[in-house]
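Top line first, the protein sequences correspond to chains B and E.
Per this note's numbering, numbering of the first sequence is gapless, rising by one per residue and ending at 339.
Per this note's numbering, numbering of the second sequence is gapless, rising by one per residue and ending at 442.
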Amino acid sequence: MKYGLLPVLLLCFSSATAEEFNTLRTQQSSVTFVSKQMGVPVAGSFNKFSADIAVNPAKPETGSARISIDLNNMDAGSAEANDELGSRSWFDTRQHPVARFVSSHVTRTGDDRYEALGNMTIKGKTLSVKAPFTLKRVAGTVVIDGVFPIKRLDYGIGTGIWADTSVVADEVKITFHFTVGKPR
Amino acid sequence: MAERYTRTAILLHWLIALLIFTAFPLGIYMHDLPFSPDKLKLYSWHKWIGVSIFLLAIVRLTWRATHRPPALPEAMAGWEKFAARAVHFSLYALIIIIPLSGWLMSSAKGFQTVWLGVLPLPDLLSKNKELGDLLKEIHEVLNFLMLGLVLAHIGAALKHHFIQRDSILSRMLPMLRKKS
Ligand code: HEM
Numbered sequence: 156m157k158y159g160l161l162p163v164l165l166l167c168f169s170s171a172t173a174e175e176f177n178t179l180r181t182q183q184s185s186v187t188f189v190s191k192q193m194g195v196p197v198a199g200s201f202n203k204f205s206a207d208i209a210v211n212p213a214k215p216e217t218g219s220a221r222i223s224i225d226l227n228n229m230d231a232g233s234a235e236a237n238d239e240l241g242s243r244s245w246f247d248t249r250q251h252p253v254a255r256f257v258s259s260h261v262t263r264t265g266d267d268r269y270e271a272l273g274n275m276t277i278k279g280k281t282l283s284v285k286a287p288f289t290l291k292r293v294a295g296t297v298v299i300d301g302v303f304p305i306k307r308l309d310y311g312i313g314t315g316i317w318a319d320t321s322v323v324a325d326e327v328k329i330t331f332h333f334t335v336g337k338p339r
Numbered sequence: 263m264a265e266r267y268t269r270t271a272i273l274l275h276w277l278i279a280l281l282i283f284t285a286f287p288l289g290i291y292m293h294d295l296p297f298s299p300d301k302l303k304l305y306s307w308h309k310w311i312g313v314s315i316f317l318l319a320i321v322r323l324t325w326r327a328t329h330r331p332p333a334l335p336e337a338m339a340g341w342e343k344f345a346a347r348a349v350h351f352s353l354y355a356l357i358i359i360i361p362l363s364g365w366l367m368s369s370a371k372g373f374q375t376v377w378l379g380v381l382p383l384p385d386l387l388s389k390n391k392e393l394g395d396l397l398k399e400i401h402e403v404l405n406f407l408m409l410g411l412v413l414a415h416i417g418a419a420l421k422h423h424f425i426q427r428d429s430i431l432s433r434m435l436p437m438l439r440k441k442s
């Protein structure tokens, strides 16, 4: 019992030391999305977000991520759309200014390929999502890239007249690119 | 030289005229609508009609280059013939340039044009707000220029038909010929 804790301690120690990358390089990171309007893909971006990511490239399965996105700073592709996004039928940003993703589990799916399972909270609704990603070491940093779809209507994004998916498709593709370094 | 227009020329003339008479008011109407799903639909339809006009215009110009139109009546004064040819030439140019300016504007505003929601046209420009606004001005000015020319064109056609009482309108509108 007494020594049973030792491996756990060692594990904590090793994951919190030299090999852990945990500082987001904001300038080299992005979260963007593509929605479809009348069959036309429209690019958008989340211009302000924070990400607490801790990853050891030797053991990415032990990594964790907590991402917060400021929904008052998004660009959905046009001034008109941006004016509309804060409204109650879209993101209702007065009640729900932030979207969150919190990872619960990371699994390896292939060479440099992983999948983060976690909870996504948007507009007060929390649903579990799977985000596949690749992980590469680039010049003293770890670069994480991935794309996953969400269904906007599952979160009540774009209700009422906007629920018509022949105008704005239900599926929105979210692309993330995070560069994580060591504390400077 | 032929006495009348070929059936293909007549069909293309009226098909394009019909599409222009749809796209033009639609463009004016949709512009001031509040942001809504209907607005997005109308914008798409306007773009689809514009691309259709562009494609038909290419067919029409190809046809025109290989099939001479009937000669203008001898009775027309030199300046009248010149005006008719100048207006026709300008209208041909505009049915190519106006859709092009719309397509480029859409690209510059960050929206790809996907004809009928199925066929994506390449984005020849990347997103650029200033350029998008400029192209919008150009698209508008060219359309009002075309409106002026089309009104003059219609006026001339009516004048030929009701005042000169020549065959100009009936050779483009064979319906009229059968009656007389
Ligand atoms: C109610 C509307 C219109 C009427 C009554 C009309 C009438 C006519 C007529 C009578 C002609 C034959 C001229 C001739 O025999 O020499 C003609 C030719 C032509 N029309 Fe129209 N038109 C209309 C709309 C338009 C529109 C919207 C366009 C826009 C592209 C257009 C473009 C042309 C052109 C380019 C020609 C010359 C064909 C050629 O000889 O190469 N028309 N039109």
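Virtual Cβ for every residue (Gly too), placed ideally from N, Cα, C.
Contact with chain E by residue i, beta-carbon distance below 7 Å
{"i": "Ile329 (chain B)", "result": "no"}
{"i": "Val322 (chain B)", "result": "yes"}
{"i": "Glu239 (chain B)", "result": "yes"}
{"i": "Ile316 (chain B)", "result": "yes"}
{"i": "Gly193 (chain B)", "result": "Per the sequence presented here, residue 193 (chain B) reads as Met, with Gly not at that position. True, the Cβ-Cβ gap to chain E drops below 7 Å."}
{"i": "Asp230 (chain B)", "result": "no"}
{"i": "Glu235 (chain B)", "result": "yes"}
{"i": "Asp300 (chain B)", "result": "no"}
{"i": "Asp319 (chain B)", "result": "yes"}
Residue i, buried or exposed, once every other Cβ within 10 Å from all chains shown has been counted against 16
{"i": "Ala201 (chain B)", "result": "The residue you asked about is not Ala; residue 201 (chain B) is Phe in the sequence shown. The residue is buried, with at least 16 neighbouring Cβ atoms inside 10 Å."}
{"i": "Gly372 (chain E)", "result": "buried"}
{"i": "Gly315 (chain B)", "result": "exposed"}
{"i": "Ala370 (chain E)", "result": "buried"}
{"i": "Lys309 (chain E)", "result": "buried"}
{"i": "Met437 (chain E)", "result": "exposed"}
{"i": "Trp276 (chain E)", "result": "exposed"}
{"i": "Pro338 (chain B)", "result": "exposed"}
{"i": "Glu175 (chain B)", "result": "buried"}
{"i": "Arg347 (chain E)", "result": "exposed"}
{"i": "Phe297 (chain E)", "result": "exposed"}
{"i": "Leu420 (chain E)", "result": "exposed"}
{"i": "Ala236 (chain B)", "result": "buried"}
{"i": "Gln250 (chain B)", "result": "exposed"}
{"i": "His293 (chain E)", "result": "exposed"}
{"i": "Thr328 (chain E)", "result": "exposed"}
{"i": "Thr375 (chain E)", "result": "buried"}
{"i": "Asn274 (chain B)", "result": "exposed"}
{"i": "Ile278 (chain E)", "result": "buried"}
Beta carbon proximity, residue i to chain B, threshold 7 Å
{"i": "Val376 (chain E)", "result": "yes"}
{"i": "Gly394 (chain E)", "result": "no"}
{"i": "Ser442 (chain E)", "result": "Confidence in Ser442 (chain E) is poor, its pLDDT being 45 and thus under 50, which makes the residue's placement unreliable; the coordinate value appears in the next sentence. Cβ-Cβ to chain B under 7 Å: no for Ser442 (chain E)."}
{"i": "Pro299 (chain E)", "result": "yes"}
{"i": "Ser388 (chain E)", "result": "no"}
{"i": "Gly364 (chain E)", "result": "no"}
{"i": "Met263 (chain E)", "result": "In this prediction, Met263 (chain E) has a pLDDT of 45, which is less than 50 and means its spatial position is unreliable; nothing more can be read from the coordinates."}
{"i": "Gly372 (chain E)", "result": "yes"}
{"i": "Gly312 (chain E)", "result": "no"}
{"i": "Gly289 (chain E)", "result": "no"}
{"i": "Ser368 (chain E)", "result": "no"}
{"i": "Leu295 (chain E)", "result": "no"}
{"i": "Leu381 (chain E)", "result": "no"}
{"i": "Leu420 (chain E)", "result": "no"}
{"i": "Ser432 (chain E)", "result": "no"}
{"i": "Ser352 (chain E)", "result": "no"}
{"i": "Ser306 (chain E)", "result": "yes"}
{"i": "Arg302 (chain E)", "result": "Arg is not the amino acid found at residue 302 (chain E); the sequence shown has Leu there. Answer yes: the Cβ-Cβ gap between Leu302 (chain E) and chain B drops below 7 Å somewhere."}
Supposed contact pair residue j and residue i - C-beta distance, whole angstroms, cut 8 Å
{"i": "Met449 (chain E)", "j": "Ile358 (chain E)", "result": "Within the shown structure, residues of chain E are numbered from 263 to 442, placing residue 449 (chain E) beyond reach of any answer."}
{"i": "Pro303 (chain B)", "j": "Ala318 (chain B)", "result": "Pro is not the amino acid found at residue 303 (chain B); the sequence shown has Phe there. Contact flag wrong, Cβ pair sits at about 22 Å."}
{"i": "Gly232 (chain B)", "j": "Ala254 (chain B)", "result": "Going by Cβ atoms, the distance from Gly232 (chain B) to Ala254 (chain B) rounds to 18 Å, so no, they are not a contact pair."}
{"i": "Tyr267 (chain E)", "j": "Pro332 (chain E)", "result": "7 Å"}
{"i": "Ile272 (chain E)", "j": "Met434 (chain E)", "result": "6 Å"}
{"i": "Glu216 (chain B)", "j": "Thr264 (chain B)", "result": "So it is not a contact: roughly 11 Å between Cβ atoms."}
{"i": "Leu274 (chain E)", "j": "Val321 (chain E)", "result": "7 Å"}
{"i": "Asp309 (chain B)", "j": "Leu282 (chain B)", "result": "6 Å"}
{"i": "Leu362 (chain E)", "j": "Phe316 (chain E)", "result": "7 Å"}
{"i": "Pro299 (chain E)", "j": "Val195 (chain B)", "result": "Their Cβ separation, rounded to whole angstroms, is 14 Å, which puts Pro299 (chain E) and Val195 (chain B) out of contact at 8 Å."}
{"i": "Thr425 (chain B)", "j": "Ser184 (chain B)", "result": "A question about residue 425 (chain B) goes unanswered here, because the residues of chain B that appear run from 156 up to 339."}
Residue i Cβ short of 6 Å to the ligand NAD heavy atom set
{"i": "His329 (chain E)", "result": "The ligand NAD is not part of the structure shown, which contains the ligand HEM as its ligands."}
Check whether residue i and residue j have beta carbons under 7 Å apart
{"i": "Ser190 (chain B)", "j": "Val327 (chain B)", "result": "yes"}
{"i": "Leu411 (chain E)", "j": "Ser352 (chain E)", "result": "yes"}
{"i": "Lys203 (chain B)", "j": "Asp247 (chain B)", "result": "no"}
{"i": "Gly336 (chain B)", "j": "Thr187 (chain B)", "result": "no"}
{"i": "Leu290 (chain B)", "j": "Asp267 (chain B)", "result": "yes"}
{"i": "Gly311 (chain B)", "j": "Trp245 (chain B)", "result": "no"}
{"i": "Arg221 (chain B)", "j": "Val257 (chain B)", "result": "yes"}
{"i": "Gly312 (chain E)", "j": "Ala285 (chain E)", "result": "yes"}
{"i": "Ala206 (chain B)", "j": "Ser219 (chain B)", "result": "no"}
{"i": "Pro335 (chain E)", "j": "Asp428 (chain E)", "result": "yes"}
{"i": "Leu302 (chain E)", "j": "Met193 (chain B)", "result": "yes"}
{"i": "His423 (chain E)", "j": "Leu431 (chain E)", "result": "yes"}
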